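There are 2 protein chains.
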Amino acid sequence: MADILHRIAVKVTDINLVYNALATLEGLRGWWTEDTSGNPGQVDGTIAFRFAAGGFDMRVKTLSTELVQWEVIAGEPQWIGSVISWQLKQADDYIVVLFKHEGWKEVTEFMHHCSTKWAIFLMSLKDLLENGKGAPNPHDVKIDEIN
Amino acid sequence: MADILHRIAVKVTDINLVYNALATLEGLRGWWTEDTSGNPGQVDGTIAFRFAAGGFDMRVKTLSTELVQWEVIAGEPQWIGSVISWQLKQADDYIVVLFKHEGWKEVTEFMHHCSTKWAIFLMSLKDLLENGKGAPNPHDVKIDEIN
Chain A
288 MADILHRIAV
298 KVTDINLVYN
308 ALATLEGLRG
318 WWTEDTSGNP
328 GQVDGTIAFR
338 FAAGGFDMRV
348 KTLSTELVQW
358 EVIAGEPQWI
368 GSVISWQLKQ
378 ADDYIVVLFK
388 HEGWKEVTEF
398 MHHCSTKWAI
408 FLMSLKDLLE
418 NGKGAPNPHD
428 VKIDEIN
Chain B
288 MADILHRIAV
298 KVTDINLVYN
308 ALATLEGLRG
318 WWTEDTSGNP
328 GQVDGTIAFR
338 FAAGGFDMRV
348 KTLSTELVQW
358 EVIAGEPQWI
368 GSVISWQLKQ
378 ADDYIVVLFK
388 HEGWKEVTEF
398 MHHCSTKWAI
408 FLMSLKDLLE
418 NGKGAPNPHD
428 VKIDEIN
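So the sequence lines, in the order shown, correspond to chains A and B.
Residue numbering for the first sequence follows our numbering, beginning at 288 and increasing consecutively.
Residue numbering for the second sequence follows our numbering, beginning at 288 and increasing consecutively.
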């Protein structure tokens, strides 16, 4: 088992702004992928994230302003069963986001790719909240020949 | 023990261009920190990377166009003894960079921060090689209230 870990801090004072970017379709479409549908604002709700090359379905496991957790239930085989966690907390003028993508069965080259790409999307989330504009798929920053 | 993993691909055809960005002072100053000194082009050479808040000394363990490895010998306590590896390989029109920062003794919040920050510096390396200009410290993209 191996994990992807990241940390950003968003310069906003209201934790609900960050929470809403994770728990509403409008929020998720603004930083991860424009093709997002489902019920991100409901425990046990399903969210469908789609990209040119495929996508993921997630089940909402935990939903509070301190912790949002999704379990991957369909899509890319290496992702199935893994858990994505967003821990939110205030620190001075920032909301800190501690991110984990846990439960990878093995360390693959694709896992390396996903680690870097998560950092890119976390910066997209930060840009959305601080400057009003993220870079969700298909406008996302490309990191390698995969995407 | 826990690891930080990343992957980028740089759109250049000559692997030596990527290698030189890791094995020369001019290269390292162009994407990681302008305050870099020492002997990056020599096995057992020491490299001193300095930032506003401190820095790291590394010993060059492995040095070839397929693999560059550094061991952290001084600086931030959480980094001491950890190993940073850069595996390079050609894939079509790209040079793929597989990055590992291995040997963290425990998973800390600072490790999460470093994971995201490494992604930022890898993108700086990519920009340097593809567009002629990276964003090394002190011009680096800030990700949180730490830096």
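Yeah, the Cβ is synthetic: ideal placement off N, Cα and C, and Gly gets one too.
Quick caveat: nothing in here was measured; it's all calculated off a predicted structure.
6 Å Cβ shell around residue i - same chain, five flanking residues per side excluded
i             : result
residue 324/A : 335
residue 402/A : 291
residue 349/A : 356
residue 330/B : 347, 350
residue 411/B : 318, 421, 422
residue 371/B : 357, 388
residue 296/B : 381, 383
residue 266/B : In this structure chain B extends from 288 to 434, so residue 266/B is not present and cannot be described.
residue 338/A : 320, 424
residue 289/A : 391, 394
Straight-line Cα distance separating residue j from residue i
i             : j             : result
residue 417/A : residue 427/B : 18 Å
residue 362/B : residue 303/A : 38 Å
residue 347/B : residue 318/A : 39 Å
residue 291/A : residue 394/A : 10 Å
residue 404/B : residue 430/A : 15 Å
residue 422/B : residue 314/A : 29 Å
residue 344/B : residue 333/B : 7 Å
residue 386/B : residue 398/A : 11 Å
residue 328/B : residue 310/B : 5 Å
residue 366/B : residue 322/B : 19 Å
residue 342/A : residue 432/B : 32 Å
residue 379/B : residue 434/A : 14 Å
residue 298/B : residue 425/B : 25 Å
residue 419/A : residue 413/A : 9 Å
residue 435/B : residue 326/A : With chain B covering only 288 through 434, there is no way to say anything about residue 435/B.
residue 415/A : residue 316/A : 10 Å
residue 400/B : residue 396/A : 21 Å
residue 312/B : residue 300/A : 41 Å
Nonlocal neighbours in the same chain, by C-beta distance under 7 Å from residue i, ignoring five residues either side
i             : result
residue 369/A : 359, 388, 389, 390, 391
residue 352/A : 302, 303, 306, 375
residue 293/B : 386, 405, 406, 409
residue 377/B : 302
Simplified DSSP assignment, three categories, for residue i
i             : result
residue 400/A : helix
residue 418/B : helix
residue 407/B : helix
residue 295/B : strand
Min CB distance residue i to chain A below 7 Å
i             : result
residue 430/B : yes
residue 381/B : yes
residue 388/B : no
residue 406/B : yes
residue 412/B : no
residue 292/B : yes
residue 315/B : no
residue 385/B : yes
Proximity test, Cβ basis, 7 Å: residue i and chain B
i             : result
residue 426/A : no
residue 371/A : no
residue 296/A : yes
residue 402/A : yes
residue 309/A : no
residue 304/A : no
residue 415/A : no
residue 312/A : no
Residue-level contact to chain E via CB, residue i, 7 Å cutoff
i             : result
residue 422/A : Any reference to chain E falls outside this structure, whose protein chains are A and B.
Cut-off 8 Å between Cβ atoms - residues of its own chain near residue i, not counting five sequence neighbours on either side
i             : result
residue 308/A : 314, 315, 317, 318, 412, 415, 416
Output the residue ranges of the alpha helix (DSSP H) runs that lie fully inside the region 304-388 of chain A and measure 4 residues or longer, sorted by chain position. 312-318
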